[in-house]
Structure formats: C-alpha cells, structure tokens
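Just so you know, we're using our numbering here: the sequence shown kicks off at 35 and counts up by one.
No residue lacks a Cβ here, since even glycine has one placed at the ideal position from N, Cα and C.
Quantities reported herein were computed from a predicted structural model and do not represent experimental measurements.
In what follows, a structure is listed as structure tokens, so that the remarks can point back to it.
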Amino acid sequence: MRLRFLTAGESHGPALLGIIEGLPAGLKLGAADFERQLARRRLGLGRGARQALEADRVETLCGLRGGRTTGAPVALLIRNADFDPVMAAVTVPRPGHADLPGARKYRTPDVRDVAERSSARETAMRTALSAAARRLLETCGIALGSRTLSIGGVVDGSTWTGPVRRLNAQADASPVRAIGGTASRRMTAALARARARGDSLGGTFEIRADGLPPGLGSCAHWDRRLDGRLGGALMSLGGVKAVAVGLGWAAPGLPGSKAHDAFAWKGGRAAYRSNRSGGIDGGMTTGEPLILRAAMKPIPTLARPLPSVDLAGRRPAAAPTPRADVCAVAAAAVIGEAVTALVLAEALLEKTGGDSMKEILPRLRQLRRLPF
Ligand SMILES: Cc1cc2nc3c(=O)[nH]c(=O)nc-3n(C[C@H](O)[C@H](O)[C@H](O)COP(=O)(O)O)c2cc1C
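Here it is as structure tokens:
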C-alpha cells in the first residue's frame, strides 16, 4: 500500500480526525488547500442547514514544515460546530439508512452510534485529506473535475468537451453543479418541489481527469486493476449504488464495433481514435481522459418520514426527521472527485516510486515519453 489514510470521528462528536501516510516530501501543501476542497463540498442546492453551520477550519497537526510535506504522515483535525455532548439515544431506524442493519450488527436497539459514524459527515475528512492527493496530481499535470448529470430524473444531456481544468468553474456556477443551463433550472425546480413535499431526490454525477500517464493501475492482479479500485472508492460513499467507466451501462447494448476504441498511427505513435473506454483498458490508464459516472439514491432521511418501528418499544413508529439534505448529488460529485484523487495519487506513486518530488517529477517526464 503506497498511500493510505484513516479517518475517525462521529457526526456530532467534538471533531473529525484524519491521517494520510505515504506522501512524498517536498509537496507544496497548506491549510488553504484542505479548506478549499471542504468549501466545495458544502456547495449545492438541496443541502441541509448544517452546511451553513460548519466553517470546516482545518488544523494541520503534523507532517508539514514551511508549507511543504516532510515525507512523514500528515494529520488533520476538523472541529464540529454541531457537537452534541449528550447524543441522546435513538431507537427508531430510518428506512434506507445504516440504522437497522447496524443495530442488528452491534446488537443494540440504540441506533445512535451507527447513525453517527455512517453519516456523510465523515466524508468531510476524506475530502480534506484528498487535497494532498490533489496537490500531487496537479503538480504532475493531472486535472480533476466533476459535474451533476441528473437529479430526480431530470437529465443534463450535454457533453463536456473542454479541458478538465475548466470543468469545475463551469459546474460551480450552477446551484446544482450542472453545466447545461436549462437542465440546471429544471433540476432546481425539481428540488424545490421535492422539498415542498417533504421528500428527497437522488441523481447521477460525472468525474473526469486528464493528464494521466498511460499504465497507472495494472492488469497483473485483480486488486491492482484501477477500475476496480476507483469503483470501490466511489461505492464507499453513502448513497452511491452504481459506478460506470466510459460507456458503462450503455456498452452491453452496443456491437463491439461501436463499443471499442480503434487505433490510428499518428505522429510516430499509436493513438486512440475515440475514448469509449473512459480512459481505462485492462485495469490500466490508456492516457486518454478518465470518465467515471456514479448513481446516488435519494437521501434516506425524509421530512415526511416513511413508516418504521421502535426497536426498544417493539411497535410501529414514524422514522425520525433530523435535519437532513433533500439532495446531495452536487456534494457527492465533489466528494467523488476527492476519493478519485486519492486512488489516482496512490496509483501514480506506485508507478513513479520515489520519496520526494525531486525524484517523482523526472521519473514522470520519462514515463510520458511513450515508446510507440
Ligand atoms: C454528501 C452526502 C450527504 C448526505 N446527506 C445525508 C443526509 O443529510 N441524510 C441522510 O439520511 N443521508 C444522507 N446521505 C446518505 C447516507 O449517508 C447514506 O444513504 C447512508 O449512509 C446509507 O448508506 P447507503 O445509502 O450506501 O446504503 C448523504 C450522503 C452523501 C454522500
């Protein structure tokens, strides 16, 4: 394992903690990098009041000196403004959430501990930690971006054709992070209707990366395949139920002649004529832009709750209605970028090796000179 990280902390505990280990020395990094990503995570219409409450200031505890990584583990702390020292027991599980399976797993009718840790608040720390991975990728000429593709069945049919480094600026200009103006307005209206009904919505989002050298990941062993690793990282986000690479679910309905990327001989090298594979073949980057999509189910906590049961009282009860997001697809896209950055940074470090940026950058230049 070349780059590893751990997070700890409850949603309404005093703080979130994170440690990332395996970063090379000499990478420019500071609190502003972490906070920039956290601010992006709070964006998006449909999020609950908590996002306005949390300032998400990051305390960098170790691993940095003079604004650069030292090669030692980097540890971060984010204090929760929504800290609740009492954390009262909750014995009514929310349908669609981790509450009931967690209560059965830990054999307690009080779902509070499960709800606290399964909450998406944990992804604030993953997003913060990912800023280090992002810095590494950016320093190596690799850009990442994301956008909302659909919310509650309203689809943005437009295709992004520009460079990935411009994608986020365009997506962030929309309250729902969609790049198509009409779709953005229709998604906004769908969200308002869902909120008025006391309901929630899901949707789909896209993540893109460009500037990746070919050969990240591996075909040599199942657990080194990059698509498997990216899929696992994206599926680890609460609410994400499907992940697609390139054509994804459309590929099975197409003949092979329309599903694969033919090659051409261009400028003395093999070149891809298209990018239907989404930048990964055989578990390795092809050198073409990475295109991932993920589907998120509607938020389980509903203002007008579904029927549930009281595990302590052993009787029917309405599910609790704590403050919740109506839709978190825009935020999930930003968090999806974050976990993608962590996987890509690890794959890059595996390929280049090296303890410091001074070793990594020349090695990367060498890797970018393709033999054919
Ligand atoms: C950014 C983000 C915000 C979320 N906000 C909420 C929320 O406010 N309320 C809620 O019930 N679920 C929320 N979820 C979804 C739950 O975390 C998720 O449905 C739950 O952990 C169960 O996991 P599963 O849906 O993958 O089975 C959010 C997820 C993400 C990624």
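Check: Own chain, CB closer than 7 angstroms to ARG307, minus 5 neighbours either side, in chain order; Outcome: ASP295, ALA296, PHE297, ALA298
Check: Closer than 7 angstroms: HIS131 CB and nearest ligand 1 heavy atom; Outcome: yes
Check: 8 angstroms Cβ cutoff met for THR238 and LEU183; Outcome: yes
Check: Which of helix, strand or coil DSSP assigns to ILE333; Outcome: coil
Check: Member of LEU378, LEU95, ASN202, ASP389 whose CA lies at the smallest distance from the CA of GLY251; Outcome: LEU378
Check: Neighbourhood of GLU322 by C-beta, 6 angstroms cutoff - its chain only, sequence neighbours within 5 removed; Outcome: TYR306, ASN309, GLY313
Check: Three or more C-beta pairs below 8 angstroms linking the stretch 375 to 390 and the stretch 157 to 168; Outcome: yes
Check: Cβ-heavy atom distance, ILE369 to ligand 1, below 7 angstroms; Outcome: yes
Check: Near ligand 1: PRO247 beta-carbon under 7 angstroms from a heavy atom; Outcome: no
Check: Start-to-end residues for the alpha helix (DSSP H) that takes in ASP261; Outcome: 260 to 269
Check: Distance cut-off 7 angstroms: THR161 Cβ against heavy atoms of ligand 1; Outcome: no
Check: Any beta strand (DSSP E) of 3 or more consecutive residues that is wholly inside the stretch 92 to 175; Outcome: 92 to 96, 108 to 113
Check: For ASP359, three-class secondary structure by DSSP; Outcome: coil
Check: Proximity of GLY83 and GLY97 at Cβ, strictly below 8 angstroms; Outcome: A small correction: the amino acid at residue 83 is Ala; Gly does not occupy that position in the sequence shown. No, these two residues do not count as a Cβ contact at 8 angstroms.
Check: Reference ARG151, options GLY136, THR161, ALA162, THR142, closest by Cα; Outcome: GLY136
Check: C-alpha distance - ALA278 paired with ARG258, whole-angstrom precision; Outcome: 18 angstroms
Check: The stretch 36 to 47 contacting the stretch 115 to 124, beta-carbon criterion three pairs below 8 angstroms; Outcome: yes
Check: Spatial distance of GLY273 from THR142 (CA atoms); Outcome: 24 angstroms
Check: Segment limits, alpha helix (DSSP H) that includes PHE407; Outcome: With the chain running from 35 to 406 in the structure shown, residue 407 is simply not present.
Check: ALA328 versus ILE394 - alpha carbon distance; Outcome: 31 angstroms
Check: beta-carbon LEU134 near ligand 1 non-hydrogen atom, thresh 7 angstroms; Outcome: no
Check: Distance CB(ILE176)-CB(GLY282) smaller than 8 angstroms; Outcome: no
Check: For LEU225 and VAL360, believed in contact at Cβ under 8 angstroms, the rounded distance; Outcome: 6 angstroms
Check: Heavy atom of ligand 1 within 7 angstroms of ASP147 beta-carbon; Outcome: no
Check: Distance CB(SER180)-CB(GLU380) smaller than 8 angstroms; Outcome: no
Check: Contacting residues, own chain, Cβ-Cβ under 8 angstroms from ARG146 (five flanking each side not counted); Outcome: MET121, ALA122, ALA123, VAL124
Check: Exposure of ARG357, with buried meaning 16 or more beta-carbon neighbours within 10 Å; Outcome: exposed
Check: Residues bridged to ALA305 [DSSP beta-bridge criterion]; Outcome: ALA298
Check: Proximity below 8 angstroms, CB of GLY101 to CB of LYS139; Outcome: no
Check: Distance, LEU260 Cα to ARG36 Cα; Outcome: 14 angstroms
Check: Simplified DSSP assignment, three categories, for GLU371; Outcome: helix
Check: GLY186 beta carbon near ligand 1 (any heavy atom closer than 7 angstroms); Outcome: no
Check: Alpha-carbon to alpha-carbon, ALA366 and LYS392; Outcome: 34 angstroms
Check: CB of THR161 within 8 angstroms of CB of VAL343, strictly; Outcome: no
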